[in-house]
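Working notes, structure below.
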Amino acid sequence: MSNLKKSTFVFSKLSLSRLVGVSPKIESVVKRALELSEIDFMVVEGVRTKEQCYINYGKGRTASQCQAKNVPIKYAQPNLPKVTWLNNPLASQHVSGKAVDLVPFPVDWNDLSKFRVIANAMKAAAKELNIKISWGGDWKTSKDYPHFELA
Ligand SMILES: [Zn+2]
7 MSNLKKSTFV
17 FSKLSLSRLV
27 GVSPKIESVV
37 KRALELSEID
47 FMVVEGVRTK
57 EQCYINYGKG
67 RTASQCQAKN
77 VPIKYAQPNL
87 PKVTWLNNPL
97 ASQHVSGKAV
107 DLVPFPVDWN
117 DLSKFRVIAN
127 AMKAAAKELN
137 IKISWGGDWK
147 TSKDYPHFEL
157 A
């Protein structure tokens, strides 16, 4: 059953700064999740600017691919690995402040079991607060383990 022990983890100033502007609903879930979590985690992204969307979309795409989606061609970086598969480069829930990306701290992108621990804490917190969220790790295609958004 759910583990109600309160952890001693606290968000760094950097993590807190990345929660600025996100929906108060998802912010409250993230803060409660850190109290419930068995491992420490940090916020790597909250609200995403239009420019950051363009930067992300340009990774792994040519100038003409960018142009086709109204992304200025200066953002094209075809030699980098692709990081987003959005059909509309600006459609991310991060743009409207409805999503956050969380990673284990110390940062470890490779241990998926740690992302699952964070997801369990996020789901428990969301349930407690009666807020519906969706985890990118539960998505059927192109899984996004750090990603959580309001459902
Ligand atoms: Zn995300």
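Here my numbering is used: the first residue of the sequence shown is 7, the next is one more, and so on. Cβ atoms here follow ideal geometry from the backbone N, Cα and C, with glycine treated the same way.
Are the C-beta of residue i and some C-beta of chain B separated by less than 8 angstroms?
i: T68; result: Structure shown: chain B not included; a single protein chain is present.
Can you pull the DSSP bridge partners for residue i?
i: Q83; result: K65
i: D107; result: E51, H153
i: W145; result: None; W145 has no bridge partner.
i: I139; result: L156
Take residue i as the anchor and find which of the options has the nearest alpha-carbon.
i: L40; options: V53, I61, Q83, A130; result: A130
i: V49; options: F17, L42, R38; result: F17
i: V4; options: F47, T147, D117; result: Because residue 4 is not part of the residues shown, which for the chain are 7 to 157, the question remains open.
i: P87; options: K80, K133, I79, K65; result: K65
i: F111; options: I45, I32, K31, R38; result: I45
i: T90; options: C59, A69, A82; result: C59
i: I79; options: N93, L92, N94, Y63; result: Y63
For residue i, count neighbouring C-beta atoms within 10 Å of its own C-beta (all shown protein chains included) and say buried if the count is 16 or more, exposed if not.
i: S29; result: buried
i: D107; result: buried
i: V1; result: Missing from the structure shown is residue 1; the chain here goes from 7 to 157 and no further.
i: D144; result: exposed
i: A74; result: exposed
i: I139; result: buried
i: V36; result: buried
i: K104; result: buried
i: K149; result: exposed
i: R122; result: exposed
i: N1; result: For the chain, the structure presents residues 7 to 157; residue 1 sits outside this window and is missing.
i: P152; result: buried
i: W115; result: exposed
Tell me, to the nearest whole angstrom, how far the beta carbon of residue i is from that of residue j; I am working on the premise that it is less than 8 angstroms.
i: R54; j: H100; result: 4 angstroms
i: S43; j: F15; result: 7 angstroms
Q. Is there contact here, the stretch 91-105 with the stretch 149-157, by at least three beta-carbon pairs under 8 angstroms?
A. yes
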